[in-house]
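763 is the number of the first residue of the sequence shown in this note's numbering; add one for each residue after it.
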Amino acid sequence: MTQTGIPFLFLRGGTSRGPYFRRSDLPEDREILAEVLIAALGAGHPLNIDGIGGGAAVTTKVAMLSASEDDWADVDYFFAQVAVAERLVDFKPTCGNILSGVGPAAIEMGLAPVTGDVTEVKIRAVNTGARVVARVMTPGGRLSYDGKAAIAGVPGTAAPVELSFRGVVGSATGAFLPTGQLRDEIGGVEVTCMDVAMPMVIGRAADFGVTGYESAAELDADRDLFARIEAVRLEAGRRMGMGDVTKSVTPKFGLLAPAQGGGSIATRYFMPWNTHPSMAVTGAQCLASCALTPGTVADGLLERPVGSPANVVLEHGSGTIDVLVEYSTEGGFTLEAAGLLRTARKLAEGKVFVPKSVWGGSE
């Protein structure tokens, strides 16, 4: 045999998809692990032609699961963002959409027991330390992917997966506002640098010469926009204490505009070198928190809801996403928890093969 087979589940989680592995089935060494994931996904080619990636950042994501080392959690979820056209892997961020599939995958792998018609799986996001409770549908004691829940960006319906995020403030930088400011002026525009579930740099669409209602394809075609976004992002990353973020997908970038479809506020989310076709779960939490916080770049773009919990409806390129935010305003805005509804579906299972020259496995 000239290849190493690695067992995996292949799931759509939210509006992303990718392989879900047992962490113990992969190399411990981080550099070797990166090479294995590059080979498995086919990173380094725009179509990922030599791997199981889908030629887009939302389809080159990886979840690695294990029994949790945290007394609170059932499962440890270690995430990797594999690049599409470059041979790169970023282990810094997490992904809430892929996290939508962690509960079902953990049950499939025997890492979490079914406990009734609805099973709560407590998940520790290894990359950020966030704690998440996933409520998975297990009617009659059996995992079910069938249901009537619909989410924007995914055709059809499936069983709902309810996610409740805690401990997500300052998950990457240690601070709600990593620069210490509600607004920073960078490159002649005002932005808010915020770290809730995902460190982000958030601006007003109008300040970047767009409406905020463009499609993902229209935004991706505007390379001048991306050049300006990247210049601001790099300086923001430095000010946020994240160092040189040239080759890191964090901080992510977001744009805000007044709602036009009945939501709370219009948003566009960047990953960061292309436009997300819908919305990231982690990004949604950060954008919703920005929208709720007085003094940020969201001022004047929406009528803020009063009282906690607040339901913030983010309009995005494929529809809307609701974020139920529990927060306190004593001594400033403090996010306590954010809840979202997602769906997941198992697409395949088996082994993915990588050349033994990349990793010979444990044989």
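Ideal Cβ positions, reconstructed from N, Cα and C, are used throughout, including at glycine.
Beta carbon of residue i nearer than 8 Å to that of residue j
{"i": "residue 905", "j": "residue 970", "result": "no"}
{"i": "residue 952", "j": "residue 1059", "result": "yes"}
{"i": "residue 1042", "j": "residue 926", "result": "no"}
{"i": "residue 887", "j": "residue 894", "result": "yes"}
{"i": "residue 1113", "j": "residue 781", "result": "no"}
{"i": "residue 809", "j": "residue 817", "result": "yes"}
{"i": "residue 978", "j": "residue 941", "result": "no"}
{"i": "residue 890", "j": "residue 862", "result": "no"}
{"i": "residue 860", "j": "residue 775", "result": "yes"}
{"i": "residue 998", "j": "residue 1064", "result": "no"}
{"i": "residue 981", "j": "residue 1030", "result": "yes"}
{"i": "residue 799", "j": "residue 814", "result": "no"}
{"i": "residue 911", "j": "residue 920", "result": "yes"}
Host beta strand (DSSP E) of residue i (start-end)
{"i": "residue 1105", "result": "1096 to 1117"}
{"i": "residue 1028", "result": "1027 to 1032"}
{"i": "residue 887", "result": "880 to 887"}
{"i": "residue 842", "result": "837 to 844"}
{"i": "residue 1086", "result": "1081 to 1090"}
{"i": "residue 946", "result": "946 to 948"}
{"i": "residue 980", "result": "No beta strand (DSSP E) holds residue 980; the alpha helix (DSSP H) holding it covers 978 to 982."}
{"i": "residue 912", "result": "Run containing residue 912: none; DSSP gives neither H nor E here."}
{"i": "residue 1077", "result": "1072 to 1078"}
Endpoints, alpha helix (DSSP H) assigned at residue i
{"i": "residue 1044", "result": "1043 to 1054"}
{"i": "residue 869", "result": "864 to 870"}
{"i": "residue 859", "result": "858 to 861"}
{"i": "residue 996", "result": "985 to 1001"}
{"i": "residue 803", "result": "792 to 803"}
Contacting residues, own chain, Cβ-Cβ under 6 Å from residue i (five flanking each side not counted)
{"i": "residue 897", "result": "880, 882, 924"}
{"i": "residue 1125", "result": "Note that residue 1125 scores a pLDDT of 45, beneath 50, so its modelled location is shaky and nothing firm can be said."}
{"i": "residue 779", "result": "821"}
{"i": "residue 1111", "result": "771"}
{"i": "residue 832", "result": "886"}
{"i": "residue 900", "result": "876, 881"}
{"i": "residue 1015", "result": "963, 991, 995, 1032, 1034"}
{"i": "residue 903", "result": "876"}
Paired residues, beta bridge with residue i - DSSP
{"i": "residue 966", "result": "1018"}
{"i": "residue 940", "result": "Paired residues: none, contrary to the question."}
{"i": "residue 782", "result": "771, 825"}
{"i": "residue 1012", "result": "DSSP lists no partner for residue 1012."}
{"i": "residue 927", "result": "894, 1100"}
{"i": "residue 956", "result": "962"}
{"i": "residue 899", "result": "880"}
{"i": "residue 1067", "result": "According to DSSP, residue 1067 bridges with nothing at all."}
Integer Cβ distance of residue i from residue j, believed to fall under 8 Å
{"i": "residue 1191", "j": "residue 1082", "result": "No answer is possible for residue 1191: it lies beyond the span of the chain, which begins at 763 and ends at 1125."}
{"i": "residue 958", "j": "residue 931", "result": "6 Å"}
{"i": "residue 1085", "j": "residue 1074", "result": "5 Å"}
{"i": "residue 907", "j": "residue 1107", "result": "5 Å"}
{"i": "residue 1027", "j": "residue 987", "result": "Rounded, the Cβ-Cβ distance is 20 Å, inconsistent with contact."}
{"i": "residue 956", "j": "residue 1048", "result": "6 Å"}
{"i": "residue 766", "j": "residue 916", "result": "With a Cβ gap of about 32 Å, residue 766 and residue 916 do not count as contacting."}
Own chain partners of residue i with C-beta closer than 7 Å, once the 5 adjacent residues on each side are dropped
{"i": "residue 796", "result": "851"}
{"i": "residue 794", "result": "1121"}
{"i": "residue 1008", "result": "996"}
{"i": "residue 1011", "result": "843, 852, 855, 1033, 1034"}
{"i": "residue 789", "result": "795, 798, 1121"}
Neighbourhood of residue i by C-beta distance below 8 Å, restricted to the same chain and skipping five residues each side
{"i": "residue 874", "result": "836, 837, 865, 868, 881, 883"}
{"i": "residue 1095", "result": "938, 1051, 1054, 1055, 1056, 1089"}
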